[in-house]
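Participant:
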Amino acid sequence: MPDPALLRVEGLHAGYGRVPVLHGVDLHVDRGEIVTLVGANGAGKSTLLRTIVGFVRASQGRIVFDGDDISRIVPERAVRRGIALVPEGRMLFGPLTVEENLRLGAFARGRESAGHGSDLEGVFALFPVLRDRTGQTASTLSGGEQQMLAIGRALMSRPSLLLLDEPSLGLAPKVIAEIFGTLGVLREQGLTVLLVEQDVKVALRHSDRGYVMRTGTIAMTGTSADLMADDDVRLIYLGAWHEAALGGDGTPMTGDAR
Amino acid sequence: MGAAQLLQFTIAGLKNGAIYALIALGFTIVYASTGILNFAQGEFYMLGGMVAVWALRTLGLPLLAAVPAAVLVTVGVGALVERLALRPRRAEAPLVLIIITIGVSMLLQSLARHLFGPNEVALPPFTAGPSITFFGAAIERQTLWVWGLTAVALLVLWVLYTRTKLGLAMRATAVSHDSSRLVGIDTARVVMVTFALAAALGALAGVAVAPLTQTAYDVGARIGLKGFAAAILGGLGGPVAAVAGGLVLGLTESLSAAFISSTYKDAIALVVLLAVIFLKPSGLFGRAGREKV
Ligand SMILES: Nc1ncnc2c1ncn2[C@@H]1O[C@H](COP(=O)(O)OP(=O)(O)O)[C@@H](O)[C@H]1O
Ligand SMILES: [Mg+2]
C-alpha cells in the first residue's frame, strides 16, 4: 500500500548558521488533507516551511515528499517537484505587473507553461478582483489583493502541495473569509495544504487536523475539532486567555495564565 | 564658432556617447541582477577590439567574421568571469565581489598584454569610403556603424527583456533572488547570462570603435570609468536611463572640448561622476531602485 502521506517530516533539525531553530519536528500531511500548524511567534513555523522548500538546510532528519527524500532540495527544484510556498510577507515581484507575477508563477513548468492561459483563468475564477488588475504592478495592490496574487502565483505552478504561511496577516476579516473560502475549492481540485496561521480559530475551522509547535518541536497534535476543544489551545490561542485574564471589571489580573 | 563646427562636435559627442551608453548598460544590467558594480566591464570593451584585431591579423579571418568572433569570445569570457571568479564567492558582501571584479580586470589586462602584445592596433573600417558630408560637418562611415550597432543592440535588449521568458526571469531576478528561486528561476544561471550579455555590449562597443580610435591592451580602465560615470549619471536604474547617461556624458565632453579646451576632455567624466554623487546620488533621472513589496 502506498504511503497515504504526501509530505512526511521526520525528526527534522534546522536553523540559521549556528543558531538551531527546529529541534526534531515530526509531522505529516496526507493527500487531500488541509493541515494547520499553529504556535507562538518565533516557534519556528516559517522556518519549517522554508526548510521544506530548501531555503533553509536541514541539519538532521528527513523530509519525504511523494515517496522521495527531498531533504537536500533547493527552492527552484522544490517548485518543479510540486511544492509551492506562499511565503510570509508574500515576496511578490513588486515592480512587475499582476500578469507578469502570475506568468512567473508558471515559470517552472517550462515549455508546457505555454498553456498557462487556462491556469490564468483558473486563478481569476478563484480571485476575480485580480482580473481587473492584470496590468497594474503588484506593489500597487491592497494587502488582500497581494495575498490573493501570492496564492495565485503559487497555484500557477500546478503544485500538489501548497504551503501557506500566515495568509491572514494584516488583513480585514472579510478578506480573510474570502481567502479561506477558496481553500475548499482548492481541495476539490486535488490540492493538499499545509497552513501556518496566527488566526487559529479561522484556521482550525477550515482544516482537518492541526499541530501545535512550541520552540522548535511539535507540542500537540489532533483533529481540528479536538484541538479547538482542548483547554490549552483554547487558553493560549483561541482568546480564552484574554477573557480569563480580564477580571469582571476589564482590568487584567496578575499572574501567569498557564 | 560656426554652426558646422558645432555640429561636428555634436556628432563626435553622440559617437562617443553611444559607446559610453553600451558600457553603461553593461554596468547597469549587472548591477540590477547582482547588486554589484562590475569593474571588469571596461575589459570587455578592450577584448572586443583586441580579439577582433588578433582574429583578423593572426588567424587571417575576414573582417566580417573577425568582428562577431570577437564578440562571441568576449561573451565566453564574461560567462567565465561570473562562473569562476564571482559565483564561488557569491555569499560574500557586495564590496568583496566588487574588489574581485577589480582583480579580474587587472588579470584580463595582463593576459591581453601577453597574448596580443603591448602595441596600439586598429581595425580597418567596416565599410571603406570617404566621410559623408552632413550640413557642412563630416560623418565617418564607421560612426554610422557605431550608431547602427548601438541601435540594434538596444532593440535586441528591449525584445529580450519585454518579449521573452528569459527576459522576464532577468527582470524577476533584478527584483529579488529569493522570490525568483521560489517560482523556479535558476538565479545563478540568470546572473551568468547577464554577465555574458554585459560582455557582449562591451565587446560590441570595443569592435565598433576600434577603426576610429586605436586600441590596446590597456584601454579598458579609461572606458570603464567613462561608462561607470554614465551609468551613475543614469542612476543605475533602467536601460533607458543608462543610454541617456551615456549620450549626455558624450555630449558634455565634446561640447566642453569645443568651448573650453580639449585638454580637460577626459576629466569631464570624473567631474560628472563626483557632481552626481555629491549633488544627486539618484542620478539625473532618478533611480528605479530595487524595491520589494
Ligand atoms: N533569517 C533568519 N536568521 C536568523 N534567525 C532567524 C531567521 N529567521 C528566523 N529566525 C529566528 O528563528 C526563530 C523562528 O522564527 P520563525 O520560523 O520565523 O518563527 P514563526 O514563523 O513561528 O514566527 C526565531 O527565533 C527567529 O528569530
Ligand atoms: Mg512566521
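In order, the protein sequence lines correspond to chains A and B. Under the numbering used here, the first residue of the first sequence is numbered 1, with each subsequent residue one higher. Under the numbering used here, the first residue of the second sequence is numbered 1, with each subsequent residue one higher. Ideal Cβ positions, reconstructed from N, Cα and C, are used throughout, including at glycine. All of these numbers come straight from a predicted model, not from anything done at the bench.
Should ASN41 (chain A) be listed as close to ligand 1, given that the test is whether its C-beta is under 7 Å from any heavy atom?
Facilitator: Your numbering for residue 41 (chain A) matches position 41 in the first sequence. Yes, since a heavy atom of ligand 1 falls inside the 7 Å radius drawn around the Cβ of ASN41 (chain A).
Participant: Report, in whole angstroms, the separation of the C-beta atoms of ALA275 (chain B) and LEU249 (chain B), which I expect to be a contact under 8 Å.
Facilitator: Within the second sequence, residue 275 (chain B) is the residue found at index 275, counting from 1. Within the second sequence, residue 249 (chain B) is the residue found at index 249, counting from 1. Not confirmed; about 11 Å, so no contact.
Participant: Could you please tell me which residues of the stretch 184 to 207 of chain B, in chain order, have their CB closer than 8 Å to any CB of chain A?
Facilitator: GLY184, ILE185, ASP186, THR187
Participant: Measuring only the C-alpha atoms, how far is ALA198 (chain B) from GLY42 (chain B)?
Facilitator: On the second sequence, residue 198 (chain B) is found 198 positions in, with the first residue counted as 1. On the second sequence, residue 42 (chain B) is found 42 positions in, with the first residue counted as 1. Using only the alpha carbons, I get a separation of about 10 Å.
Participant: Ligand 1 and LYS45 (chain A): does the residue's C-beta get closer than 7 Å to at least one heavy atom of that ligand?
Facilitator: As a working mapping, residue 45 (chain A) is identified with position 45 in the first sequence. Result yes, Cβ under 7 Å from ligand 1.
Participant: Apart from the five residues just before and just after VAL75 (chain B), which ones in its own chain have a Cβ nearer than 6 Å to its Cβ?
Facilitator: Numbered from its first residue, the second sequence carries residue 75 (chain B) at position 75. Apart from sequence neighbours up to five positions away, the residues of its chain that approach VAL75 (chain B) with a beta-carbon distance below 6 Å are ALA196, ALA199, ALA200, ordered along the chain.
Participant: Given a cut-off of 8 Å, decide if GLY67 (chain A) and THR192 (chain A) are closer than it, judged by their beta-carbon atoms.
Facilitator: Translated into positions along the first sequence, residue 192 (chain A) becomes position 192. Translated into positions along the first sequence, residue 67 (chain A) becomes position 67. GLY67 (chain A) sits away from THR192 (chain A), with the two beta carbons spaced by 8 Å or more.
Participant: Would you say GLY206 (chain B) and MET106 (chain B) are within 8 Å of each other, going by their C-beta atoms?
Facilitator: The residue labelled residue 206 (chain B) in the question sits at position 206 within the second sequence. The residue labelled residue 106 (chain B) in the question sits at position 106 within the second sequence. No, they are not a contact pair.
Participant: Is there at least one non-hydrogen atom of ligand 1 closer than 7 Å to the beta-carbon of VAL86 (chain A)?
Facilitator: Numbered from 1 along the first sequence, position 86 holds the residue referred to as residue 86 (chain A). Not so, every heavy atom of ligand 1 lies at least 7 Å from the Cβ.
Participant: Under 7 Å, CB to CB, which of the residues in the stretch 95 to 109 of chain A have a partner in chain B?
Facilitator: PRO95, LEU96, GLU100, ARG103, LEU104, GLY105, PHE107, ALA108
Participant: Which residues in chain B have a C-beta closer than 8 Å to the C-beta of SER157 (chain A)? List them in chain order.
Facilitator: Residue mapping note: residue 157 (chain A) aligns to position 157 of the first sequence, counting from 1. Residues of chain B passing the Cβ test: VAL183, GLY184.
Participant: Going straight from the alpha carbon of TYR217 (chain B) to that of SER110 (chain B), what length do you get?
Facilitator: As a position in the second sequence, residue 217 (chain B) is number 217, starting the count at 1. As a position in the second sequence, residue 110 (chain B) is number 110, starting the count at 1. One C-alpha to the other measures close to 8 Å.
Participant: Taking the beta strand (DSSP E) that THR223 (chain A) belongs to, which residues open and close that run?
Facilitator: The residue labelled residue 223 (chain A) in the question sits at position 223 within the first sequence. Segment 217 to 223, the beta strand (DSSP E) holding THR223 (chain A).
Participant: Would THR10 (chain B) pass as a contact of ALA231 (chain B) if the rule is Cβ separation under 8 Å?
Facilitator: Here residue 10 (chain B) refers to the residue found at position 10 of the second sequence. Here residue 231 (chain B) refers to the residue found at position 231 of the second sequence. Contact: no.
Participant: Starting from MET213 (chain A), follow its DSSP beta bridges and name the residues at the other end.
Facilitator: Counting from one through the first sequence, the residue named residue 213 (chain A) turns up at place 213. Beta-bridge pairing by DSSP links MET213 (chain A) to A:GLY39, A:ILE218.
Participant: Please classify GLY321 (chain B): does DSSP put it in a helix, a strand, or coil?
Facilitator: Residue 321 (chain B) lies beyond the range of chain B shown here (1 to 293); nothing can be said about it.
Participant: What's the gap between the Cα of ALA172 (chain A) and the Cα of THR137 (chain A)?
Facilitator: Here residue 172 (chain A) refers to the residue found at position 172 of the first sequence. Here residue 137 (chain A) refers to the residue found at position 137 of the first sequence. Rounded to the nearest angstrom, the two C-alpha atoms are 22 Å apart.
Participant: For ALA84 (chain A), which beta-bridge partners are listed by DSSP?
Facilitator: Indexing the first sequence from 1 puts residue 84 (chain A) at position 84. According to DSSP, which records beta bridges pairwise, ALA84 (chain A) is partnered with A:LEU162.
Participant: Mapping the DSSP letters down to three states, classify ASP266 (chain B) as helix, strand or coil.
Facilitator: Locating residue 266 (chain B) in the second sequence gives position 266, counting from the first residue. ASP266 (chain B): helix per DSSP, three-state reduction.
Participant: Would you call the CB atoms of LEU149 (chain B) and ALA242 (chain B) closer than 8 Å?
Facilitator: For the purposes of this step, residue 149 (chain B) is taken as residue 149 along the second sequence, with counting starting at 1. For the purposes of this step, residue 242 (chain B) is taken as residue 242 along the second sequence, with counting starting at 1. Not closer than 8 Å, so no.
Participant: With DSSP as the reference, label GLY206 (chain A) as helix, strand or coil.
Facilitator: To locate residue 206 (chain A), count along the first sequence from 1; it is residue 206. The identity of residue 206 (chain A) in the sequence shown is His, whereas the question assumes Gly. In the structure shown, HIS206 (chain A) sits in coil (DSSP, three-state: anything other than H, G, I, E or B).
Participant: Does the Cβ-Cβ distance between MET148 (chain A) and LEU163 (chain A) come in under 8 Å?
Facilitator: Indexing the first sequence from 1 puts residue 148 (chain A) at position 148. Indexing the first sequence from 1 puts residue 163 (chain A) at position 163. No, these two residues do not count as a Cβ contact at 8 Å.
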